[in-house]
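Have a look at the structure below, then the notes.
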Amino acid sequence: MNPENNNTSPAILDRFGRAHTALRISVTDRCNIRCFYCMPDESIRFLPSREILSFEEITSLVGILAGMGIRKLRVTGGEPLVRSQLHKLIEKLVAIPGIVDVALTTNGILLEEQAQSLRDAGLHRLNISLDTLREEVFQRITRRSGLDRVLRGIERARQVGFDKIRLNAIAMSGLTETEVIPLAEFARQQGLELRFIEFMPLDAEQAWQPVKVLSGSDIRQMIEQRFGPLEPVESADPSQPARNFAYADGGGQVGLINPVTEPFCDACNRLRLTAEGKLRNCLFSTAEWDVRSLLRSGATTTEIDELVRECVAAKKRAHGINGEAFERPAKAMYQIGG
Ligand code: SAM
Ligand code: SF4
Numbered sequence: 002m003n004p005e006n007n008n009t010s011p012a013i014l015d016r017f018g019r020a021h022t023a024l025r026i027s028v029t030d031r032c033n034i035r036c037f038y039c040m041p042d043e044s045i046r047f048l049p050s051r052e053i054l055s056f057e058e059i060t061s062l063v064g065i066l067a068g069m070g071i072r073k074l075r076v077t078g079g080e081p082l083v084r085s086q087l088h089k090l091i092e093k094l095v096a097i098p099g100i101v102d103v104a105l106t107t108n109g110i111l112l113e114e115q116a117q118s119l120r121d122a123g124l125h126r127l128n129i130s131l132d133t134l135r136e137e138v139f140q141r142i143t144r145r146s147g148l149d150r151v152l153r154g155i156e157r158a159r160q161v162g163f164d165k166i167r168l169n170a171i172a173m174s175g176l177t178e179t180e181v182i183p184l185a186e187f188a189r190q191q192g193l194e195l196r197f198i199e200f201m202p203l204d205a206e207q208a209w210q211p212v213k214v215l216s217g218s219d220i221r222q223m224i225e226q227r228f229g230p231l232e233p234v235e236s237a238d239p240s241q242p243a244r245n246f247a248y249a250d251g252g253g254q255v256g257l258i259n260p261v262t263e264p265f266c267d268a269c270n271r272l273r274l275t276a277e278g279k280l281r282n283c284l285f286s287t288a289e290w291d292v293r294s295l296l297r298s299g300a301t302t303t304e305i306d307e308l309v310r311e312c313v314a315a316k317k318r319a320h321g322i323n324g325e326a327f328e329r330p331a332k333a334m335y336q337i338g339g
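In the working numbering, the protein residues as written are 2 to 339.
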């Protein structure tokens, strides 16, 4: 065992030499809202609960993956806070030797109620999705109401002591242009980091088109027109997908995540686990590796290790969204885990 990194086996390397150190864990495909760029509004067939990995199964898999070099976890969904007692999973994950960072991505609707228990469980970081500050736009996007709850959730998260809160906003043309400046102003006032994520072809309704992507460079221009020149900030972590910029007046930072116009696959270090226990090597992967069957049939650590390496060995160099041969995955974002 290498005493430095706690590994019991070699790093998880793909064919292009990328070491995989981060895992996104989806804990449910369910959600309490219906963002049109992610979920269908009706006729959704959610996974039955017996098909969803238990907290014990997730924890034992992460224990094995930590031994292979996984260090950072992000818990997501669907909406992770609709999974009952989520704080208990967080508590187990932060205690796994080798895991140094556990983050959560949430729509914030249930955060006011759960922020304290998540904080007590040892959650390190929170990302909260916030596309607008106007209730009517919130309802148009989510087909539900509840912006006030999200805003109270953000407030509560700050009160209970989360200091690394990020706000994530979708970047979609025809929708986001009017929201950019209000969101930037809100984030600056609150001392939070705001990041815009380009709309990706992962919407269940399959309405994505290249023209519907509001590019990071367009957003940068809008922000610069209002707040003056943005200064690029070098990230210490090359696998970090956001390009960060500092406001010239010291008003914090804004991040642009540009998977469509500036893919960042070269530095990808991520693996994904779906709620039903399928391992994926990319958001856009069209293949999955069934780790749940192994976990439920009493497979050995070596067998799970082999499956993980097989999954990573099959990883493509890049997602290829902009290429002729791009094939959309059958699953939408809420079924994969964003
Ligand atoms: N329900 C939680 C939430 O919304 O934060 C976690 C899961 S959600 C799938 C994670 C992130 O994916 C959200 O910030 C959401 O805006 C983003 N997302 C969903 N569909 C997307 C799409 N088609 N393109 C880009 N981002 C998307
Ligand atoms: Fe739910 Fe998140 Fe998808 Fe919106 S983006 S529908 S909050 S899973």
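Quick reminder that beta carbons are idealized off the backbone N, C-alpha and C, glycines included.
- Nearest to residue 24 by C-alpha distance, out of 59, 49 and 55, is 59.
- Bounds of any beta strand (DSSP E) do not take in residue 330, whose DSSP letter is neither H nor E.
- The count of Cβ pairs closer than 8 angstroms, one atom from the segment 175-188 and one from the segment 134-150, reaches three, so the stretches are in contact.
- Unbroken beta strand (DSSP E) runs of no fewer than 3 residues, entirely contained in the segment 133-220, are found at 166-172 and 194-199, following chain order.
- Using a 10 angstroms sphere on the CB of residue 204, the tally of other CB atoms reaches 16 or more, which defines it as buried.
- Counting only runs of at least 4 residues, the segment 285-322 fully encloses the following alpha helix (DSSP H) elements, listed from N- to C-terminal order: 292-297 and 302-314.
- Contact between the segment 164-174 and the segment 192-212 is present: three or more C-beta pairs spanning the two stretches fall below 8 angstroms.
- Going by DSSP, residue 58 is part of the alpha helix (DSSP H) stretching over 56-68.
- Pairing residue 91 with residue 107 gives a Cβ-Cβ distance that is not under 8 angstroms.
- The C-beta of residue 189 has 16 or more other C-beta atoms within 10 Å across all chains shown, which makes the residue buried.
- Exclusion of residue 164 from the 7 angstroms shell around the ligand SAM follows from its C-beta lying no nearer than that to any non-hydrogen atom of the ligand.
- For the ligand SAM, a non-hydrogen atom lies closer than 7 angstroms to the CB of residue 77.
- Secondary structure of residue 85 (DSSP, three-state): coil.
- Cα atoms of residue 219 and residue 124: separation of roughly 34 angstroms, rounded to the nearest angstrom.
- As the crow flies, the alpha-carbon of residue 312 is around 13 angstroms from that of residue 19.
- For residue 232, the pairing in a beta bridge is given by DSSP as 247.
- In the structure shown, residue 30 falls within a coil segment according to DSSP collapsed to helix, strand and coil.
- Looking at the DSSP output, residue 237 shares a beta bridge with no other residue.
- One thing to note: residue 333 has its Cβ within 8 angstroms of the Cβ of residue 39.
- Per DSSP, residue 267 lies in no alpha helix (DSSP H) and is assigned neither H nor E.
- Across the structure, residue 143 and residue 94 are spaced so that their CA atoms are roughly 30 angstroms apart.
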